[in-house]
Amino acid sequence: MHFRTHTNEKPFSCDVCGRGFSQRGSLFRHYRIHTNEKPFCCDICGKEFSERGNLTRHYRTHTKEKPFSCDTCHKDFSLKIHLNVHLRAHTNEKPFSCDVCGKGFSVRGTLNEHNRIHTNEKPFSCDVCHKDFSRASKLKVHLRTHTNEKPFSCDICGKGFSVKGNLTEHYRMHTNAKPFSCDLCHKDFSRASKLKVHLRTHTNEKPFSCDVCGKGFSERGSLTEHYRIHTNEKPFSCDVCGKGFSKRGNLTRHYRTHANEKPFFCNVCHKGFSQKSHLNVHLRTHSN
């Protein structure tokens, strides 16, 4: 039988799909795909498997056993295939390439997900709101918006998050870490997304345009606020006097008129102002 690995001889063929095998036992195991026979059952959770090896690997999810270790960073894995994929992170091997744009990937599944960018395929649909997603992981995260599940909690302030990445970004508020730096002006940011938006101040890129007046914006949120000029929508209301505002920042500044708060001071005459723009106008009286 071993010689067949060298000769690629496969004398045992499936009479359903025609696939060939070098060993009769492999053919019998293959038949279970067609018959859906799963004779190996987990005595902990009851999950069934068509092959004994799959059951053995499944047991590790219960025992947390990770017998496969990376020689480089010593990270442990429950499956050898997971270790093999991980090793590519050290070798930078990317054997799976997109035939549309040429981008390389270390995992075939990631390539399959990437291909949906080109095809705009979104096979994963939310049963609640019917929104479609290109990845099962994105659907899983989205479902938390309906269940309000927040499995990731900050161990400093207790705030919960539905996405682990958001928790990582939140930690930087406590540590004041800003790992993303602008190569042009060297300004630092806590999020890659904030750096991306900042770079548009250098390139003057404005990818979000108003379909009413054509004005361009570097951020989607700024476009959303701008639309309210056309719709006269004022979703932010003062709970003291009831005055409405199109922007949350304008409401914050308005509250200072009630509190008589003046956080902006002139460094020449020490006069206080409730808004920075008022201070800027005042400073001109000194420069004149």
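Just so you know, the sequence shown maps onto residues 3 to 290 in the numbering used here.
Beta carbons are placed, not taken as given, at the ideal position from N, Cα and C, and that holds for glycine.
In the structure shown, the three-state DSSP call for G216 is coil. Residues of the same chain with a CB within less than 7 Å of the CB of E39, apart from the 5 flanking positions on each side, are S52 in chain order. Annotation: the continuous alpha helix (DSSP H) that includes N56 extends over 54 to 65. At a Cβ-Cβ threshold of 7 Å, F42 and R54 count as neighbours.
Ranking R110, C187, S183, A138 by CA distance to the CA of E123 puts A138 first.
Burial check for S220: the Cβ neighbour count within 10 Å reaches 16 or more, so the residue is buried. The closest CA to that of H204, considering only S211, D213, F210, H188, is found on H188.
By the criterion of at least three beta-carbon pairs nearer than 8 Å, the segment 88 to 96 is in contact with the segment 106 to 124. The straight-line gap separating the alpha-carbon atoms of S24 and S15 is approximately 9 Å.
By the CB criterion at 7 Å, L113 and F98 fall inside the cutoff. Cβ contact annotation for T147 (same chain, cutoff 8 Å, sequence separation greater than five): S164, in chain order.
If only uninterrupted alpha helix (DSSP H) runs of at least 4 residues are considered, those enclosed by the segment 123 to 202 are 138 to 149, 166 to 177. According to DSSP, D78 shares a beta bridge with S71. Cα atoms of S80 and K140: separation of roughly 24 Å, rounded to the nearest angstrom. Contact annotation, K208 with G218: C-beta distance approximately 3 Å; criterion of less than 8 Å satisfied.
A contact between stretches requires three or more CB pairs, one per stretch, nearer than 8 Å, and the segment 234 to 242 meets this requirement with the segment 253 to 260. In the three-state scheme derived from DSSP, where H, G and I count as helix and E and B as strand, S99 is classed as strand. S289 counts as exposed, since fewer than 16 other C-beta atoms from the protein chains shown sit within 10 angstroms of its C-beta.
Per DSSP, the continuous alpha helix (DSSP H) segment holding I119 begins and ends at 110 to 121. Classified as buried, S192 has 16 or more neighbouring CB atoms from the shown chains inside 10 Å of its CB. Across the structure, D157 and V199 are spaced so that their CA atoms are roughly 29 Å apart. G27: member of the alpha helix (DSSP H) spanning 26 to 37, first to last residue. Leaving aside the five residues that flank F275 on each side, the residues in its chain whose CB is nearer than 7 Å to its CB run, in chain order, K264, F266, L281, H284. Beta bridge pairing from DSSP links S211 with G218.
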